[in-house]
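Numbers given in the numbering used here equal positions in the sequence shown, counted from 1, plus 1478.
Note that the Cβ used here is the ideal one computed from N, Cα and C, for glycine as well.
All figures in this text were calculated on a predicted structure; none of them were measured in a lab.
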Amino acid sequence: MKKLFVAMAVTAAFGGVQAHENLMADVAVIGAGGAGMAAAVEAANLGAKVVLVEKMAFAGGNTIRAAGGLNAAETNVQKARGIVDYKASHFADTMKGGHWLNDPALVKVLTDNAPNTVEWILALGGDLRDVGMMGGASQKRSHRPTGGAKVGPEITQTLWNACQARKDNIKVLTNTTVVGINMKDGKAAGLKVKDNKTGETYVIKAPAVVDAAGGFGANQKLVVQYRPEFKGMTTTNSPGATGDGITLAQKAGAAVVDMREIQIHPTVVPEGGHLITEAVRGNGAILINKDGKRFFDELSTRDKVSNAILKQPGQVAYLFFDSEMQKSLKATNKYIKADYCKTGETMADLAKAIGVKPDVLAATIKAYDQGKAAKADEFGRKDMPFDLTKGPFYAIMIAPAVHHTMGGIKINTDAAVIDTDGNVIPGLFAAGEVTGGVHGGNRLGGNAQADIVTFGRIAGANAYAFSQTSK
């Protein structure tokens, strides 16, 4: 694979026409994150001419920051590992995790199509051949690169390479901000965009538009508008996640849904906002508080784990794991080298490093192992793969941070945007974190990657189909 940030040194030219001149395409896509690139690739595969617009200097968005995995049930990867799982279970877990606020029709599309999404990424050259457990899941269904490496860079790189392989059909404009979705006779007609470097504006004429601009987790003002209690909280999001795509769609008449539903991720390093993937807990790590005691089921849903941490001394906790667990997950290789990770050759050494009484920590691990042996954990944890007794030992201080915005543009199962009167806006589609309805009141870890690629593909295919009927 090409190195992502080298490959993204692209120009804003389109067939020899400079960026400040008007362009024409079958499909115009806002945002070059996972959903936008998936839409562009799918549309191009069907024969579309696509212009993909990204306001940042490079593609990737929030997708490149994703760590855990891509959820899917009944996959060939699972079957090869003897994992028995069902789409119906994925559906039920997603609805339960979202507090039944999700749009069930959208969730069914997600869970029915997620296995094909895994196969599609594999066919494009991506690696999703490892499977792990994530919070709120009843089975191991979080697909990730071999050895448990971070999923976001893999998905982003794979989709970027696919865009580059289709450069005759996909033109990428970076450092370009969409300032308006153009409408004509009630239908989408393209985009008005601005070159960030020159300030010049121009038009991309297209009978179909896909809005995949992402969520608003990095827009503190907007976050606080809906959740005042999150004021001052750090975020795991890309600086580009400011909700622009939601505002653009609203100006075009779109309805929004679930805007108050904002997820905080429980395991973020307080200093610097480094996200520690949920796969660390999924692979076996436990949470202890500043007194050295466990306090909650680590595999519960993110909202519940976050709330439990906020009730602990200092509103922080430690992720605790041993060398055996560490070796099971490649994503930890970077963590254990960082200053924020404390290490001890013995459990007593680690206790001293984090200011915990050694006998308390030892008692905590003993109780954990007794529960593991008896298959009756005191906090109800079901999956306990390691004893956590093999040194060296590691601990990372974590606290909740704004992570995902579940609310956004209202769409139907075709990824078509719905207006404030409940009607489809012809030619306007949306996918990914810019939309609402899929995740309800809480997103399960691993469902975002499934969402963005699955609905990205649906949006791209339907946008191209619409463009052909408009000729």
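- Between Thr1867 and Asp1769, the gap from beta carbon to beta carbon reaches 8 Å or more.
- By the criterion of a C-beta distance shorter than 7 Å, Ala1545 is surrounded in its chain by Lys1628, Val1629, Gly1630, Leu1753, Thr1755, Ala1757, Ala1809, once the five residues flanking it on both sides are discounted.
- In this structure, Asn1653 lies near Lys1675, with their beta-carbon atoms less than 8 Å apart.
- Cβ neighbours of Asn1697 within its own chain (closer than 8 Å, five residues either side excluded): Ala1719, Thr1720, Gly1721.
- Separation of Ile1874 and Ala1852 (C-alpha to C-alpha, rounded to the nearest whole angstrom) is 28 Å.
- Taking a cut-off of 8 Å for Cβ pairs, the stretch 1781-1795 and the stretch 1837-1844 do not touch, as fewer than three such pairs fall below it.
- Counting C-beta pairs closer than 8 Å gives fewer than three between the stretch 1547-1565 and the stretch 1522-1536, which falls short of the contact rule.
- Taking every protein chain shown into account, the CB of Gly1695 has 16 or more other CB atoms within 10 angstroms, so this residue is buried.
- Three or more beta-carbon pairs separated by less than 8 Å are not found between the stretch 1853-1863 and the stretch 1826-1834, which leaves the two stretches without contact.
- In this structure, the CA atom of Ala1690 is about 29 Å from the CA atom of Pro1748.
- Here the C-alpha atom of Lys1683 lies approximately 12 Å from the C-alpha atom of Val1507.
- A Cβ-Cβ distance of about 19 Å is found for the pair Leu1700 and Val1916, leaving them out of contact under the 8 Å criterion.
- Here the alpha carbons of Gly1664 and Lys1812 stand approximately 50 Å from one another.
- Taking every protein chain shown into account, the CB of Ala1592 has 16 or more other CB atoms within 10 angstroms, so this residue is buried.
- Leaving aside the five residues that flank Ala1503 on each side, the residues in its chain whose CB is nearer than 7 Å to its CB run, in chain order, Lys1527, Val1528, Val1529, Ile1682, Ala1684.
- Annotation for Gly1603: Thr1636, Asn1639 place their beta carbon closer than 7 Å to its own, counting only its chain and skipping 5 residues before and after.
- Here DSSP, grouped into helix, strand and coil, assigns Pro1836 to helix.
- Taking the CA atoms as reference points, Arg1543 sits about 12 Å from Gly1751.
- For Gln1642, the enclosing alpha helix (DSSP H) starts and ends at 1629-1643.
- DSSP places Phe1569 in the helix class (H, G or I) of the three-state scheme.
- Boundaries for Gln1793: no beta strand (DSSP E) harbours it, and the DSSP string shows neither H nor E there.
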